Amino acid sequence: MMSKPALRHPRWTRWAHWLNFPLTALLVWSGVLIYWANDVYPPFFPEAFYNFFRIDHRLAEGMALHFTFGWLFALNGLIYFFYMLASGRWREFRLTRSWPREASRVLLHELGFRVPLPSQGKYNAAQKFAYSATFFMGAGSVLSGLAIYKPVQLHALVRALGGYDGARSLHFCLTLGFCVFFLVHVIQVARAGWRNFQSMVTGQEHPSPSHSRRSFLAAGVSVTAALWGWSWLGSRSLIDGIPWPLRRVLELNGHLWQALFDPARLGERPPLPPRGRKVRLNGELGLLGPLSPAEWRLELHGPAGELLTRLTLAQIRALPRTETTSELKCIEGWKEDIGYAGVRFSDLLSRLSLARDYRFVGLETPDREYYVSLDRAAMLHPQTLLAYELNGEPLTPTHGAPLRLLIPVKYGIKSLKRIGRIRLARERPPDYWAERGYDWYAGL
Ligand SMILES: Nc1nc2c(c(=O)[nH]1)N[C@H]1C(S)=C(S)[C@@H](COP(=O)(O)O)O[C@H]1N2
Ligand SMILES: [Mo]
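Start counting the sequence shown at 2; every next residue gets the next number (our numbering).
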C-alpha cells in the first residue's frame, strides 16, 4: 500500500519530542526519591530496589529535581500543544468513530494474529490513540502534580481532581502509565527491528536515507546533551546542600508562589478531632534540653535586634484566643487533622502594638538548635497561631510545650515547637531545613 507523502513537521519539533524522553525519565526518578520518603504508601518496589539505588534520605534532592524539571516538562508540553493547534496537525490524531475496532485489529496484528490491517493514514488507530493518550497523560500529570504541590493555594484544582488523595493517586497512576508506554515502545522497536526504529526516530514511515541520518544525529546529540547536562548539574557548587542551579529554581518557585499567595485562602478545615487524640510526633530538634515552664518567656525582637517584649505564658493566654482546625502536613508525606488553640500572630502584634517595618519572621528554640524563617504574609495568615493547646489539651513537651507555631499554609517543618525567640526581620533569618537542601518557601 502506498502511503500518502507525509508532511514534515518542522525540525525543531523533533528536538521537543526527544526532550520528552530524558525529562520524563528524570521526573520518574526524582518522583521515586520523593515517593520513598513518603510513608503513606507501602514500598512499591521490593526493598532491594531502594537499597540498590541508595534511595533513602534523598527527599530534598528529589524535590529539587522534580520542581525544577517539572517546569520544563510542562513547558515542552505547552509548546507542543500550541504547535499542534496552530498548525492544524492535531487532525492527524483525530480518532474516527470506528477507532476502537481499528485499534484492536492493529493490536491483534501486532501480537502476531493474521488479521488484515485497516487502511490507514499517517498514523494507525492504535498509534493515534496512544499518542493522544500520552498527551492527556502529560497534562494530567502536570495538573495533579500542581494540585499536590500547592493544595491550599490551588484548592479548586484539588477539588476538581477528587481531593488531595485522589490527585495523588492519579499522579501515581499516570507515572505508571508513562512507564508502560515506554516499555511498549521499546518492545515494539525490539520486535520490529531497525526499520521500525528508523521510522520511530524520524516520525516517518518511509524515511529517506538523508532524512533518517539527520534524525539519528538529532537523537544522538540530544542524548549526549542530556548526559552532559546531567553531569554538569552534578558538578556545580552547592548552595545550602543542592547544586546552585537547582537552588536558583527553588528560589524562583518560592517567589512565584509568594506572589500568588492569597492571604485570605484558608487551609483545609476538618472537623474537630476528639479531645486528647494523639498526634503523630515528628522531630525533636531543640527539644532535648530541660525546660522550666515557670522560667520560660517568649522573647520578641525587632529588626535591629532590640528586645520588644518578654511574655509569660499567662500573658500570652490573656491575649485574644483563636481556635481552629487544620491539617498538619509533613514534608515526608503524612498529614494529620488537628484542632488547636492559641493566639494569632497578627493579634499578638496588633494588641501589643509591636508591628515594625519587617518582611520576615525568624523563630528559634530556646537552645537555638532548631530555627525557621517565614515570610510576613504567611505569618499573618488567620490560621497561623502561636499555639498552647493541641486537640483540646495543653501541649505536651514533645509537641512543643509551652508554645509552638502552627501554620497550615506551610509544610510541618515550619511549625516550630518550643518557641524561645521570635524576631521581626528585614533580611531573611536562617532556616534549618533550607540550609539542608530543602526549599525555603515550603508553602502549600
Ligand atoms: N523544635 C522543633 N520543632 C519542630 C521540629 C523539630 O524537629 N524541632 N520538627 C518539625 C516537623 S518536620 C514537623 S512535621 C512538625 C511535627 O510536629 P508534631 O511532632 O507535633 O507532629 O514539627 C516541626 N517542628
Ligand atoms: Mo516534617
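Each residue gets a CB set at the ideal place from its N, CA and C atoms; glycine is no exception.
What you are looking at is a predicted structure, and each value in this text was computed from that prediction instead of being measured.
Residue i versus residue j - alpha carbon distance
i: S4; j: F137; result: Any reading at S4 must be qualified, since the residue scores a pLDDT of 46, below 50, and its modelled position is unreliable; no value is offered.
i: P430; j: W91; result: 51 Å
i: G343; j: G71; result: 38 Å
i: G139; j: Y81; result: 11 Å
i: F179; j: W100; result: 22 Å
i: E48; j: W37; result: 10 Å
i: L425; j: L301; result: 8 Å
i: G235; j: G141; result: 30 Å
i: E333; j: G340; result: 21 Å
i: R427; j: L406; result: 20 Å
i: F130; j: T25; result: 20 Å
i: L364; j: F346; result: 12 Å
i: G63; j: L349; result: 38 Å
i: P6; j: N125; result: Residue confidence for P6 is low, a pLDDT of 49 falling below 50, so the modelled location carries little weight and cannot support an answer.
i: M2; j: H110; result: Because the pLDDT of M2 is 41, which lies under 50, any placement of that residue in the model is unreliable, and the question is left without a value.
i: T313; j: Y150; result: 38 Å
i: A227; j: N21; result: 11 Å
i: F53; j: Q189; result: 29 Å
i: A61; j: G32; result: 11 Å
i: S88; j: Y442; result: 40 Å
i: T397; j: D368; result: 18 Å
i: R298; j: R419; result: 11 Å
i: N254; j: P152; result: 15 Å
i: S374; j: S105; result: 58 Å
i: G393; j: L404; result: 14 Å
i: V362; j: V181; result: 47 Å
i: L355; j: G290; result: 30 Å
i: L288; j: T225; result: 50 Å
i: I408; j: W13; result: 46 Å
i: W434; j: D440; result: 8 Å
i: L257; j: W19; result: 28 Å
i: R248; j: A65; result: 8 Å
i: G276; j: T385; result: The sequence as given places Arg at residue 276; Gly does not occur at that position. About 21 Å.
i: L282; j: L144; result: 31 Å
i: Y389; j: W335; result: 23 Å
i: L261; j: V250; result: 16 Å
i: L177; j: F45; result: 11 Å
Contact test: residue i Cβ vs ligand 1 heavy atom, cutoff 7 Å
i: H400; result: yes
i: R424; result: no
i: G71; result: no
i: Y371; result: yes
i: T313; result: no
i: L286; result: yes
i: V362; result: no
i: T14; result: no
i: S416; result: yes
i: T135; result: no
i: T366; result: yes
i: L404; result: no
i: V280; result: yes
i: L329; result: yes
i: R419; result: yes
Beta-bridge pairing of residue i - partner residues as DSSP gives them
i: I56; result: Paired residue(s): none; I56 is not in a bridge.
i: L308; result: H302
i: G340; result: T326
i: R345; result: L386
i: L444; result: Before going further, note that residue 444 is Gly rather than Leu in the sequence given. Answer is K411.
As a quick check of your reading: which residues have a C-beta less than 7 Å from at least one non-hydrogen atom of ligand 2, in chain order? Result (chain order): N283, G284, C331, I332, E333, Y412, G413 and I414.
Of all the alpha helix (DSSP H) runs that stay within the bounds of the stretch 82-139, which reach a length of 4 or more residues? Taking only runs of at least 4 residues, the alpha helix (DSSP H) segments lying wholly in the stretch 82-139 are 100-111.
Any chance you could list the beta strand (DSSP E) runs of at least 3 consecutive residues sitting entirely within the stretch 352-429, in chain order? DSSP runs (the beta strand (DSSP E)) wholly in the stretch 352-429: 361-365, 372-376, 386-391, 405-407 and 422-426.
Curious, which full-length alpha helix (DSSP H) runs of at least 4 residues does the stretch 215-303 contain? Counting only runs of 4 or more, we get 245-261.
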